[in-house]
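Visitor: Numbers 7 to 459, taken from this note's numbering, label the letters of the sequence shown in order.
Think of the CB as a built atom: it goes at the ideal place given N, C-alpha and C, for glycine as much as any other residue.
All of these numbers come straight from a predicted model, not from anything done at the bench.
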Amino acid sequence: MNKTDLNLFNELTKELIEDEKNHPVVSPISINDVFDKLNLELDIDPCNEQAFTQALRSLVMNTPRTATKKFFNQLFGGRNSKSTLGELLSVILNNSMYTYKVGGPMIAIEQVIIKSIIKLAGYNEEAHGTISTGGSMANYMALIMARDHHDKEIKLNGVKNNLTIYTSDQSHYSINKNASFAGIGRSNVRYIKTNDAGEMRVDELEKQILSDIDKGYQPVFINATIGTTVLGAIDSLEEISDIGSRFKIWVHADAAFYGSMLFSEKYRDLLKGLHLTDSFCMNAHKLLSTPISCSLIFTKHKSCLYYSFISEANYLFQGESDDWNPGKISFQCGRRNDALKLWTLWKSVGTSGLGEMIDQEFYLADLAREYIRSNDNYTLHNFDNALTICFNYKNIPAEQLCEKLYEDAQIMVGYGQFKDVRFIRLVSVNSSNQKEDVLEFFERLEACADKYF
Ligand SMILES: *Cc1c(COP(=O)(O)O)cnc(C)c1O
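(1) Is Gly-140 near ligand 1, in the sense that its beta carbon is under 6 angstroms from a heavy atom of that ligand?
(2) Going by beta-carbon coordinates alone, are Ile-171 and Phe-263 separated by less than 7 angstroms?
(3) Beta carbon of Ala-262: closer than 6 angstroms to some heavy atom of ligand 2?
(4) Count the other CB atoms, across all protein chains shown, that sit within 10 Å of the CB of Asn-79; report buried if there are 16 or more and exposed otherwise.
(5) So is the beta-carbon of Leu-81 under 6 angstroms away from any non-hydrogen atom of ligand 1?
(6) Determine which residues share a DSSP beta bridge with Phe-304 and list them.
(7) In whole angstroms, what separates the C-alpha of His-29 from that of Lys-308?
(8) Taking the alpha carbon of Ser-217 as the reference point, which residue from Ser-327, Glu-244, Phe-253 has its own alpha carbon closest?
(9) Use the C-beta contact count for Ser-380: other C-beta atoms within 10 angstroms, 16 or more gives buried, fewer gives exposed.
(10) Measure the beta-carbon distance from Asp-145 to Cys-300 and round it to whole angstroms, keeping in mind my assumption that it falls under 8 angstroms.
(11) Which residue marks the beginning of the beta strand (DSSP E) containing Trp-256, and which one marks its end?
(12) Got a sec, what are the start and stop residues for the alpha helix (DSSP H) Ser-142 sits in?
(13) With hydrogens ignored, establish whether the beta-carbon of Ser-180 is closer than 6 angstroms to any heavy atom of ligand 1.
(14) Which of the three DSSP states is assigned to Thr-173 in this structure?
(15) Taking one C-beta from the stretch 399–411 and one from the stretch 447–454 each time, how about it: are there three or more such pairs within less than 8 angstroms?
(16) Return the first residue and the last residue of the alpha helix (DSSP H) that Leu-62 is part of.
(17) Say the cut is 6 angstroms; is the CB of Asn-289 nearer than that to a heavy atom of ligand 1?
(18) Please name the residue, chosen from Tyr-384, Gln-406, Phe-323, that lies closest to Asn-105 on a Cα-to-Cα basis.
(19) Work out the CA separation of Leu-44 and Thr-59 for me, nearest whole Å.
(20) Where do the N-terminal and C-terminal ends of the alpha helix (DSSP H) with Leu-407 fall, by residue?
(21) Cβ of Asn-86 within 7 angstroms of Cβ of Ser-354?
(22) So if DSSP puts Asn-229 in a beta bridge, which residue, or which two residues, is it bridged to?
(23) Apart from the five residues just before and just after Asn-201, which ones in its own chain have a Cβ nearer than 8 angstroms to its Cβ?
(24) Determine, for Gly-222, whether the minimum Cβ-Cβ distance to residues of chain D falls below 7 angstroms.
(25) Output the distance between the C-alpha atoms of Gln-214 and Gly-359, rounded to the nearest integer angstrom.
(26) Report the CB separation of Ala-148 from Ile-303 in whole angstroms; it is logged as a contact under 8 angstroms.
(27) Does the stretch 237–245 come close enough to the stretch 332–341 that 3 or more CB-CB pairs lie under 8 angstroms?
(28) State yes or no: is the C-beta of Ser-314 nearer than 6 angstroms to some heavy atom of ligand 1?
(29) Please give the ranges of any beta strand (DSSP E) in the stretch 69–140, keeping only runs that are unbroken, at least 3 residues long and fully inside the region.
(30) Could you check if Thr-69 is buried or exposed, using at least 16 other CB atoms within 10 Å of its CB as the buried criterion?
(31) Please name the residue in Leu-81, Val-31, Lys-221 whose C-alpha comes closest to that of Arg-71.
(32) Please go through the same chain and pick out, in chain order, the residues whose beta-carbon is closer than 7 angstroms to the beta-carbon of Asn-391, but skip the five residues on each side of it.
(33) Whole angstroms is fine: what's the gap from Gln-338's alpha carbon to Ser-142's?
(34) Roughly how many angstroms lie between the CA atoms of Ala-73 and Glu-132, to the nearest whole one?
(35) Closer than 6 angstroms to a non-hydrogen atom of ligand 1 - does that hold for the CB of Ser-301?
(36) What does DSSP give as the partner residue(s) for Val-427 in the beta ladder?
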């Protein structure tokens, strides 16, 4: 990277971070105006340096700000400094994490992370894992392992029987997509009803499995969601794993959202039963605020990870043993270094520091719930122990209030729905937030509601 661009990077970053303090939410540019307001079109001729800088600057300054204290829109947010440092360095180094020859000690870093999380999860030394391109992909890898574990022939000859998979009606949409990618088919996904808290009903799960077996289907995969996207509900891993072992079905925990709770001594219990599963995933870019993406997939059965994903390629995998060539068990060939950003964070704050991040997010979530419960203008729609807080204010339609908050550049927050109720979903995933940030969230929301409704 040349000096001019390095300087420009520093300049733009400084400017952005400075501006974020005063304008934590950018005024949105409407889709109709985006090409008129910004210089985005690509030309045959080169752009002179000044015009280039100008175009880049306005692009950066007009992009939605996800790292500020007013971003509550999705299950990620914040900008952890140490982790960002790691991410920037991995871009500069630009290794591909398929072989030790090309990744070097970065492969060792990935191994350290995987081993350490396996230990926290209570899996034994037969376990293994890898970093995937995202939670959806991690869930896909788990499904492929489950499918191949059920029938070793499928890898060679394709799916011949009617396989079924099980997940709750509150689970992430990747489960549905993955069913088609895996050759199982979307209509063979069984959506199990949830209770009032949004947790999978295990009695319904068992009933459905029995009925499917009776009809000649072969159940291969149960997905338990640990932190549903809307309500933040947790399916019972103990009960679901019990069903899994009775019927010999692979149990996967989609812990993309809540998996990082493993780091907190105080909240680890919410993941109880994790050690009973066959696989689980977690997204460090959610509760740990690493840059996107940092997703991990683990399985108790290392042999299954190898069986499903291994491919020989002697032009690539030369010399080292399999464990040092993680490209052998990954979906893609070239692999970004998503390990370093988690390592820089973990190394600097320790496991206890990661735990404190989770604890802070719960502290803020509890604070928000307390505020809502003590104010008659609000209705709370979910329960304690969740990092999403679902509520309505004065019966104002949630989607309209969210839109006004966005248009007025006050807060970025989204809405969700459970059964027939639509509500605002405040998420607490930014551990750098403080008590006053939560209070200001409500202040701005109430001011906006008074102004428009
Ligand atoms: C975020 C999330 C996913 C998807 O992860 P991506 O990295 O966005 O693909 C899957 N499941 C749950 C429960 C999630 O919260």
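Guide: Inspection of the coordinates gives the following:
(1) Looking up residue 140 in the sequence shown gives position 134. Gly-140 has its CB nearer than 6 angstroms to a heavy atom of ligand 1.
(2) As a position in the sequence shown, residue 171 is number 165, starting the count at 1. As a position in the sequence shown, residue 263 is number 257, starting the count at 1. No, the Cβ-Cβ distance between Ile-171 and Phe-263 is not below 7 angstroms.
(3) Of the ligands this structure carries, namely ligand 1, none is ligand 2.
(4) Within the sequence shown, numbered from 1, the residue matching residue 79 stands at position 73. By the 10 Å Cβ count, Asn-79 comes out buried.
(5) Here residue 81 corresponds to residue number 75 of the sequence shown, with the count starting at 1. Answer for Leu-81: yes, Cβ within range of ligand 1.
(6) Taking the first residue of the sequence shown as position 1, residue 304 is located at position 298. DSSP lists Gly-135, Phe-286 as partners of Phe-304.
(7) Position 23 of the sequence shown holds residue 29. Position 302 of the sequence shown holds residue 308. Spanning the two alpha carbons is a distance of roughly 48 angstroms.
(8) In the sequence shown, residue 217 corresponds to position 211, counting from 1. Of all alpha-carbon atoms in Ser-327, Glu-244, Phe-253, the one lying nearest the alpha-carbon of Ser-217 is that of Phe-253.
(9) One-based indexing of the sequence shown puts residue 380 at position 374. With fewer than 16 Cβ atoms within 10 Å of its Cβ, Ser-380 is classed as exposed.
(10) One-based indexing of the sequence shown puts residue 145 at position 139. One-based indexing of the sequence shown puts residue 300 at position 294. A small fix is needed here, since residue 145 is Asn in this sequence, not Asp. For Asn-145 against Cys-300, the beta-carbon gap comes to about 16 angstroms, at or over 8 angstroms, which does not count as contact.
(11) Residue mapping note: residue 256 aligns to position 250 of the sequence shown, counting from 1. For Trp-256, the enclosing beta strand (DSSP E) starts and ends at 256–261.
(12) Walking along the sequence shown from the start, residue 142 turns up at place 136. Residues 141–156.
(13) The sequence position of residue 180 within the sequence shown is 174, counting from 1. A distance criterion of 6 angstroms places the beta-carbon of Ser-180 in contact range of ligand 1, judged by its closest non-hydrogen atom.
(14) Stepping through the sequence shown from its first residue, residue 173 is reached at position 167. In the structure shown, Thr-173 sits in a strand (DSSP, three-state: E or B).
(15) The stretch 399–411 is in contact with the stretch 447–454.
(16) Along the sequence shown, one-based indexing puts residue 62 at 56. Its alpha helix (DSSP H) spans residues 55–67.
(17) Within the sequence shown, the letter at position 283 stands for residue 289. Shortest gap from the CB of Asn-289 to any heavy atom of ligand 1: under 6 angstroms.
(18) Here residue 105 is taken as the residue at index 99 of the sequence shown, counted from 1. Checking the sequence shown, residue 105 turns out to be Thr, not Asn. Nearest option by C-alpha distance: Phe-323.
(19) Against the sequence shown, residue 59 aligns to sequence position 53. Against the sequence shown, residue 44 aligns to sequence position 38. Cα atoms of Thr-59 and Leu-44: separation of roughly 12 angstroms, rounded to the nearest angstrom.
(20) In the sequence shown, residue 407 corresponds to position 401, counting from 1. First-last of the alpha helix (DSSP H) with Leu-407: 404–413.
(21) Mapped onto the sequence shown, residue 86 falls at position 80. Mapped onto the sequence shown, residue 354 falls at position 348. Not closer than 7 angstroms, so no.
(22) Here residue 229 refers to the residue found at position 223 when the sequence shown is read from its first residue. Its beta-bridge partners are His-258.
(23) By 1-based counting over the sequence shown, the position of residue 201 is 195. Listed in chain order, the non-local C-beta contacts of Asn-201 below 8 angstroms within the same chain comprise Arg-207, local neighbours out to five positions each way being set aside.
(24) No chain D appears in this structure, which consists of one protein chain only.
(25) As a first step, residue 214 must be located in the sequence shown, where it is residue number 208. As a first step, residue 359 must be located in the sequence shown, where it is residue number 353. Using only the alpha carbons, I get a separation of about 43 angstroms.
(26) The residue you call residue 148 lines up with position 142 of the sequence shown. The residue you call residue 303 lines up with position 297 of the sequence shown. Right, the Cβ-Cβ distance comes to about 6 angstroms (below 8 angstroms), so this counts as a contact.
(27) No, the stretch 332–341 does not touch the stretch 237–245.
(28) Position 308 of the sequence shown, counted from the start, is the residue given in the question as residue 314. Answer for Ser-314: no, Cβ out of range of ligand 1.
(29) Segments of the beta strand (DSSP E) lying fully in the stretch 69–140: 134–138.
(30) Residue mapping note: residue 69 aligns to position 63 of the sequence shown, counting from 1. Using a 10 angstroms sphere on the CB of Thr-69, the tally of other CB atoms stays under 16, which defines it as exposed.
(31) As a working note, residue 71 is residue 65 in the sequence shown. Cα-wise, what sits closest to Arg-71 is Val-31.
(32) Your numbering for residue 391 matches position 385 in the sequence shown. Hits under 7 angstroms: Leu-276.
(33) Residue 338 sits at position 332 when you count from the first residue of the sequence shown. Residue 142 sits at position 136 when you count from the first residue of the sequence shown. Distance between the alpha carbons of Gln-338 and Ser-142 is about 14 angstroms.
(34) For the purposes of this step, residue 73 is taken as residue 67 along the sequence shown, with counting starting at 1. For the purposes of this step, residue 132 is taken as residue 126 along the sequence shown, with counting starting at 1. So the alpha carbons of these two residues sit roughly 38 angstroms apart.
(35) Start at 1 with the first residue of the sequence shown, and residue 301 comes out as number 295. Checking every heavy atom of ligand 1 against the Cβ of Ser-301, one is found closer than 6 angstroms.
(36) Taking the first residue of the sequence shown as position 1, residue 427 is located at position 421. Answer is Phe-424.
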